[in-house]
Amino acid sequence: MEKDRSINMMQEHPVIRCFNISKWYDNICALNNINLDINAGEFIFFTGPSGAGKSTLLKLLYLDERASQGEIVMNGMNIARIPRDRMPYVRRTLGVVFQDFKLIPTRTVYDNVALVLEAAGVKKNIIRQRVLKVLRITGIVRKINAFPPSLSGGEQQRVAFARAVVGEPSIIIADEPTGSLDYDSARVIFNLLLDYNRKGVTILVASHNLHLINETCKAVNGKNPTDGIIRERHLRIVNGVVTESG
Ligand SMILES: Nc1ncnc2c1ncn2[C@@H]1O[C@H](COP(=O)(O)OP(=O)(O)OP(=O)(O)O)[C@@H](O)[C@H]1O
Ligand SMILES: [Mg+2]
16 MEKDRSINMM QEHPVIRCFN ISKWYDNICA LNNINLDINA GEFIFFTGPS
66 GAGKSTLLKL LYLDERASQG EIVMNGMNIA RIPRDRMPYV RRTLGVVFQD
116 FKLIPTRTVY DNVALVLEAA GVKKNIIRQR VLKVLRITGI VRKINAFPPS
166 LSGGEQQRVA FARAVVGEPS IIIADEPTGS LDYDSARVIF NLLLDYNRKG
216 VTILVASHNL HLINETCKAV NGKNPTDGII RERHLRIVNG VVTESG
């Protein structure tokens with residue numbers, strides 16, 4: 016049965032805490048002293064101009080880059096200082112979706128998704144069940160034996176999304192996941208993010224698509240219209256500084 020990670024948002028429970036995070040690339044300050052708590056089950060939208068630091072912040076969270084200064088505590092672990100050999104364990108708790116999909120062109124759709132579970136040592140028959148399940152959820156199971164270059168952008172992003180969620184992450188990080196998609200394909204991806212958020216997964220998405228952000232926000236808050244709990248948050252990043260907005 017599907018694990019239900021729904022939680023009572025009245026009890027704030029930070030799954031990510033950033034303390035005085037800064038990131039420099041040589042003499043460029045990409046992030047400037049960020050302090051931020053993200054609670055379990057929140058749907059966070061990062062917006063802001065190009066070059067503002069959105070991708071940099073997300074990269075620190077999915078361990079693609081190291082902070083120059085400060086601490087990041089994720090699920091109780093200080094990931095800013097974590098040894099390299101521990102990184103794969105942290106990454107497995109995250110589902111990451113990229114604008115350019117990052118699929119392996121020489122492996123089938125099935126293999127691209129299954130690789131995540133193979134790396135985690137999951138048994139073959141369980142892998143098959145779980146891969147089929149996420150390919151059905153993302154609506155791409157009919158392309159199971161196709162190779163990524165033969166798929167449209169929207170189809171490739173569905174596969175990338177399936178790969179991100181097959182490990183049942185508690186946090187999904189998506190950096191411009193719809194940046195290279197047409198409107199309908201982009202909407203499919205936002206709806207999938209919404210579905211996973213409804214299961215209790217924390218979502219962090221950087222996007223320039225304000226129309227889809229607005230539509231998704233209405234849907235996020237429409238879940239429990241009577242409980243008065245706002246689960247969606249807008250964080251605007253400008254010149255490496257994060258502010259709450261909207
Ligand atoms: N690997 C790198 N080397 C040098 N500078 C970098 C590197 N990555 C990012 N930067 C710089 O850090 C700053 C923040 O970049 P970042 O990619 O985080 O912006 P962004 O908000 O994601 O922009 P966009 O909306 O265009 O994706 C920019 O000034 C960028 O040029
Ligand atoms: Mg970016």
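If you read the sequence shown in this note's numbering, its first letter stands for residue 16, the second for the next number, and so on. Ideal Cβ placement from N, Cα and C applies to all residues, glycine included. All of these numbers come straight from a predicted model, not from anything done at the bench.
With a cutoff of 7 Å on beta-carbon distance, A67 and I252 are scored as near each other.
By the C-beta criterion, the stretch 72-81 is judged not to be in contact with the stretch 229-237, since fewer than 3 inter-stretch pairs fall below 8 Å. Residue selection by CB proximity (closer than 7 Å to any heavy atom of ligand 2) returns K69, S70, D190, E191 and A221 in chain order. Under the three-state reduction of DSSP output, Q172 falls in the helix class. Closest by C-alpha distance to Y40, out of A55, L225 and R81, is R81. Distances from the CB of A67 to the heavy atoms of ligand 1 include at least one below 6 Å.
Within the model, the alpha-carbon separation for N254 versus I186 is close to 26 Å. Under a 10 Å Cβ-count criterion, K158 is classified as buried, with 16 or more other Cβ atoms of the shown protein chains found around its own Cβ. Just so you know, the alpha carbons of S83 and V30 end up roughly 21 Å apart. With fewer than 16 other Cβ atoms from the protein chains shown falling within 10 Å of its own Cβ, A134 counts as exposed.
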